[in-house]
Amino acid sequence: MDPTGVTLVIGATGTTGSRTVDRLIAGGRRVRAAGRRATPIPGAEPVRFDWYDPTGFEAAVTGADRVYLVPPIGDPDPAGVMLPFLDRARAAGVRRAVLLSSSAIAEGGPAVGQVHRALPGLFDEWAVLRPSWFMQNFTGTHAHADSIRTDGAILTAAGAGRVGFVDADDIAAVAVRALTDDRAPDADLVLTGPEVLSHDDIAAVLTDVTGRPVVHHRLTYEAMRERLAAVVPPEFATMLAGMDRAIAEGAEDRTTDTVRRLTGRPPQGFRAVAERELSGRAAPAVGAATAASHPDSPTGAASG
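So this is what it looks like as structure tokens:
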């Protein structure tokens, strides 16, 4: 694609959005950093953006030729606000769209799965990133990180199920390739780390790295749903608890070669990420407690 074009990054201060912005700027790309507060980012043009305020759509898309899409957080029907925006973006000249989705949500599935289904019909150049659960759930501003900090515990309904947890840095590296390569992937890309781990395994690594005991408490599906419903809408709580149950049943017990194939290097393992982000600290950084499972993804919690 034209290196002089402008990339609009929605959720530019979030877990994957901030990393994507940094990589684009480092690569000499022009970046428009979109967020509700239009936070200044060195090397980027800030723009105020809220999925629920269409008056800001025009300023966000004018002059942009590609966009990184982080869906609205906690919305069980993001297509209702995203599809009108994408129509406007296409009319304004955006040619390529890269959507952050989830390994747990297939094309045509609930929530962002409906946006996934529509994307190829809206843009000739596109990609859908479907990362597994983020490693940063345990090191950043997420409910798991918060409960580790306060109680030394991870609470899930995932049982002994294993997940190919993925580093947000690796997601951003793939996002940048999908946004800037001469040819768009035009594909659904499932992203994982190099190994599958249970939440018991995660707790053991965190105990070793931080020097503080961390345990995994196994909740029932019903208990997890009730816990989540205290902080998110019931429909969303049901979906998230169901994702934990799917993990327990083996739905996320897989790895893919997507990170290596698109970036030319292997994905980071969880121990390396934990050492990078937590070594020398007694616990994950304090952050706003959130309820879901992917920070800045359609099934998750922090802003994108």
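Those letters in the sequence shown? Residues 30 to 333, per my numbering, in order. Yeah, the Cβ is synthetic: ideal placement off N, Cα and C, and Gly gets one too.
Under the three-state reduction of DSSP, Y97 is assigned to strand.
Excluding the 5 residues flanking it on each side, G72 has same chain C-beta neighbours closer than 6 Å at I54, in chain order.
A straight line joining the alpha-carbon of P160 with that of A135 spans about 11 Å. Nearest to V144 by alpha-carbon distance, out of L115, R125 and V123, is L115. Less than 8 Å separates the beta-carbon of P223 from that of T284.
For G43 against V90, the beta-carbon gap comes to about 19 Å, at or over 8 Å, which does not count as contact. A buried status is given to E281, since no fewer than 16 other beta-carbon atoms sit within 10 Å of its beta-carbon. Secondary structure note for L218: its beta strand (DSSP E) is the uninterrupted segment A216 to L220. According to DSSP, residue pairing for L53 in a beta bridge does not occur. Here V35 has R59, R61, G92, A93 and D94 as same chain residues with Cβ atoms under 7 Å from its own Cβ, once five neighbours each way along the sequence are excluded. Between the C-alpha atoms of A187 and R212 there is a straight-line separation of about 38 Å. Rounded to whole angstroms, the separation of the alpha carbons of T179 and V238 is 17 Å.
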